[in-house]
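Asker:
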Amino acid sequence: MITWLTAPLAYGFMQRGLLASLMVGILCAVIGCYVVLRGMAFIGDALAHAILPGIAIAYLLKGNLLIGALAAAVLVALGIGFFSRQGTIKEDTAIGILFAAALSLGVLLISTIRTYAVDLTHILFGNVLGVSTGDLRLTGALTVLVLATIALFYKEFLVISFDPVLATTLRLPVEWLRYLMLILLALTVVVSLQTVGVGLVAAMLVTPGATAYLLTRRLPTMMAVAALIGAFSSISGLYISFYWNVASGAAVVLVATAIFLAAFLFAPQRGALWQWRRGRQQAVLAQCAEKEH
Amino acid sequence: MKTSRPLTNMQPARLEIEHVSVAYNGQPVLCDVTFHVPHGARVAVVGPNGAGKSTLFKVLVGLLPWHGGRILIHGQPLGHHHDCVAYVPQREEVDWRFPLTVSDVVMMGRYGRLGWLKRPTKEDHEAVRRCLEQMRIADLAQRPIQELSGGQQQRVFLARALAQEPHILLMDEPFTAIDITTQETIMAVLDELRAQQVTVLISTHDLNLAAAHFDRVLLLNRRVIGYGTAQEVFTQKQLMEAFGGQLLILGEGAVVIDQCCAPEAQRRSRA
């Protein structure tokens, strides 16, 4: 068993891959709690696709693909914030428009590249085993940056998510904080590309957070549990990928999904089984208690 | 975001609103509203759906811009005293499935005075505990908010507003669809606030409540129809003017067809 666990560590690419996916798993899970609570599940997907033109441009200019992705994601995040400010149009509508536009631009640019190489498919589906030491450093720096910002602005992000009206009456810069959160999300998405790819980032943002929501009652514990689930899915997904020779990103997401399903069925209080067992009788009792109070 | 605070907490506030108009997308919602609220008075804001009651409150907490005129608190323009106005919104305006406990929500009332990057101090925790006790929900402090009844939610919101230690308290329809115990608790707290000379404005559909428990009544329908004591304001002529076709006149008395159970869409549009 021990050798089963340590054998992959003999390879440098596995060490780097495990470290990268561990960081990404934790990062996605923590910021994903806000994504779940604010009902922005769509945004991870949108940002992930929106980075395509950035990558294509960087590729054409022979620049760093990650930097290109980063610039595009931040631009789109700001665009979403701009179009949906003051509720001119709804946030999910703004996301839909920009996501499709950026994706189209990306496809258009890529179609001009005659022989686009492996690099681009790696961005689409992730290639955690191709993580270089430089990539690892960038991933580490961005992970620390995003997590530190979330910790520093914990109470501000909490108020603007739960009750933006209160946030305004407390004279917090609500718009500014919303942009900041979108930018943090953009950074997270870009960091995640290497491990899970464009197609699966959304799952890493949403699934651990949604699972933790079923198991916990307060935001700090929800974030901690989500981080644990994210970390566990990342590591075990990578081992599965190593031993069964399957795509790593997909394995990671499927492990997370399996944990979600287990929580959905068996979570105390909120799980499907628990709800079913409590049944109708309990609902009647609750109503009586409410009248009494 | 910090300015000097020349006022002590709970200092009675004078509120002056003069010639204030508000428009949504070019449509006037409030026209030329003028009224003065003396120190520590308790005012009921009464009017039909769409009269602009919520709009008036949102202007007073700086959520909406207004045109013309001026709003003075303690004789200073609105926004000068940063955190002296607290607003209790209608309950359905937040997502009660959020993973928070009752004391987490009440603590948010302290965030305004905490400042950036600061964690709540012992003093803040003490204030939260006091406000929970005042609303008789100290036993619910660690309860997740998704388990609360409507009346309990209303108490949590009021406790949070108390934690802001406001000079002026605005409450939007706090008496809609709550149990009698909660209504009595709110009334008791309003009496305590009167003792502390906190100025209170409450919008309500309940004319009896407005007449029985408030110093003054503001009868509103896009403009001020009447302002004064309930006896002065609730005349047949003025009620007719405010409620129009919704008013049913029965002999000597007037009976308002209550619209507190209006469809959700209508209630939203009034906001």
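Heads up: the protein sequence lines correspond to chains A and B, in order.
Going by the working numbering, the first sequence runs without a break in its numbering and finishes at 299.
Going by the working numbering, the second sequence runs without a break in its numbering and finishes at 279.
We treat Cβ as the ideally placed atom computed from N, Cα and C, and that holds for glycine.
(1) Whose Cβ in chain A lies nearer than 7 Å to the Cβ of B:Phe-106?
(2) For B:Leu-177 versus B:Val-225, is the C-beta distance shorter than 7 Å?
(3) Indicate whether at least one CB of chain B lies closer than 7 Å to the CB of A:Leu-153.
(4) Can you pull the chain A residues whose beta carbon is under 7 Å from the beta carbon of B:Leu-125, in chain order?
(5) What are the boundary residues of the alpha helix (DSSP H) that includes A:Leu-43?
(6) With 16 other CB atoms within 10 Å as the buried threshold, where does A:Arg-283 fall?
(7) To the nearest angstrom, how far is the alpha carbon of A:Ala-173 from that of B:Leu-215?
(8) Using the beta-carbon count (16 or more within 10 Å), is A:Asn-133 buried or exposed?
(9) Note the first and the last residue of the continuous alpha helix (DSSP H) segment covering A:Ala-62.
(10) Measuring only the C-alpha atoms, how far is A:Leu-15 from A:Gly-136?
(11) Closest by CA to A:Gly-60, which one among A:Ile-73, A:Val-180, A:Gly-18, A:Leu-190?
(12) Since I believe A:Ile-241 is in contact with A:Leu-24 (beta carbons under 8 Å), could you give me their beta-carbon distance rounded to a whole number of angstroms?
(13) In chain B, what lies closer than 8 Å to A:Tyr-219 by C-beta?
(14) Consider the C-beta atom of A:Ala-256 and the heavy atoms of the ligand PLP; say whether any pair is separated by less than 6 Å.
(15) According to DSSP, simplified to helix, strand and coil, what is B:Phe-43?
(16) Give me, in chain order, the residues of the same chain whose beta-carbon lies closer than 6 Å to that of B:Ala-149; leave out the 5 immediate sequence neighbours on both sides.
(17) Output, in chain order, the set of chain A residues within a Cβ distance shorter than 9 Å of B:Leu-64.
(18) From this set, A:Tyr-219, A:Val-202, A:Ser-247, A:Leu-109, which residue's C-alpha is nearest A:Ile-265's C-alpha?
(19) From A:Gln-21 to A:Val-165, what does the alpha carbon distance come to, in whole angstroms?
(20) Using 10 angstroms around the beta-carbon of B:Thr-11, count the other beta-carbons present and answer buried if the total reaches 16, otherwise exposed.
(21) Pick out whichever of B:Phe-43, B:Tyr-119, B:Gly-34 has its Cα sitting closest to the Cα of B:Val-28.
(22) Alpha carbon to alpha carbon, how far is A:Thr-12 from B:Glu-272? Give it in angstroms, no decimals.
(23) Buried or exposed, going by whether 16 or more other CB atoms sit within 10 Å of the CB of A:Asp-51?
(24) So which residues of chain B does A:Thr-222 contact, with C-beta pairs closer than 9 Å?
(25) Between the C-alpha atoms of B:Ala-59 and A:Leu-183, what's the straight-line distance to the nearest angstrom?
(26) What's the C-alpha gap between A:Val-113 and A:Val-204?
(27) What residues in the stretch 64 to 79 of chain B bring their beta carbon closer than 9 Å to a beta carbon of chain A?
(28) Roughly how many angstroms separate the alpha carbons of B:Lys-126 and B:Gln-172, rounded to a whole number?
(29) Can you check whether the CB of B:Met-179 is closer than 7 Å to the CB of B:Val-96?
(30) With a CB to CB cut of under 7 Å and the five nearest residues on each side skipped, what residues in its chain are close to A:Gly-146?
(31) Which of helix, strand or coil does DSSP assign to B:Asp-147?
(32) Compare the C-beta of A:Met-46 against all C-beta atoms of chain B and say whether one is closer than 7 Å.
(33) So B:Ile-153 and B:Val-113 are in contact, right, with Cβ under 8 Å, and what is the actual spacing, rounded?
(34) Can you give me the C-alpha to C-alpha distance between B:Arg-275 and B:Asn-57, rounded to a whole angstrom?
(35) A:Ser-110 by DSSP, collapsed to three states: which one?
(36) What residue from B:Met-195, B:Tyr-119, B:Ala-196 has the CA that sits closest to B:Val-168's CA?
Answerer: If we stick to the structure as given:
(1) Leu-43, Phe-168
(2) Contact flag unset, no.
(3) no
(4) Leu-158
(5) 18 to 43
(6) exposed
(7) 32 Å
(8) buried
(9) Counting along the chain, the alpha helix (DSSP H) containing A:Ala-62 begins and ends at 58 to 66.
(10) 15 Å
(11) A:Ile-73
(12) Contact flag correct, Cβ pair sits at about 6 Å.
(13) Neighbours of A:Tyr-219 across chain B, judged by C-beta separation under 8 Å: Pro-107.
(14) As presented, the structure is devoid of all ligands, the ligand PLP included, so that no description of it is given.
(15) strand
(16) Val-110, Ser-111, Leu-140
(17) Here the premise fails: no neighbours, minimum Cβ distance about 14 Å.
(18) A:Tyr-219
(19) Using only the alpha carbons, I get a separation of about 39 Å.
(20) Confidence is the limiting factor: at B:Thr-11 the pLDDT is only 40, short of 50, which leaves the residue's position unreliable and the question unanswerable from this model.
(21) B:Phe-43
(22) Note on B:Glu-272: pLDDT 40, under 50, position unreliable in the model; no value is reported.
(23) buried
(24) Contact of A:Thr-222 with chain B by beta-carbon distance below 9 Å involves Pro-107.
(25) 33 Å
(26) For A:Val-113 and A:Val-204, the distance between alpha carbons rounds to 14 Å.
(27) Lys-66, Val-69, Gly-70, Leu-71
(28) 16 Å
(29) yes
(30) Met-29
(31) In the displayed model, B:Asp-147 falls within a helix according to three-state DSSP.
(32) no
(33) 6 Å
(34) Residue confidence for B:Arg-275 is low, a pLDDT of 41 falling below 50, so the modelled location carries little weight and cannot support an answer.
(35) helix
(36) The question names Val, yet the displayed sequence has Arg at residue 168 of chain B. Of the candidates B:Met-195, B:Tyr-119, B:Ala-196, the one whose C-alpha sits nearest the C-alpha of B:Arg-168 is B:Tyr-119.
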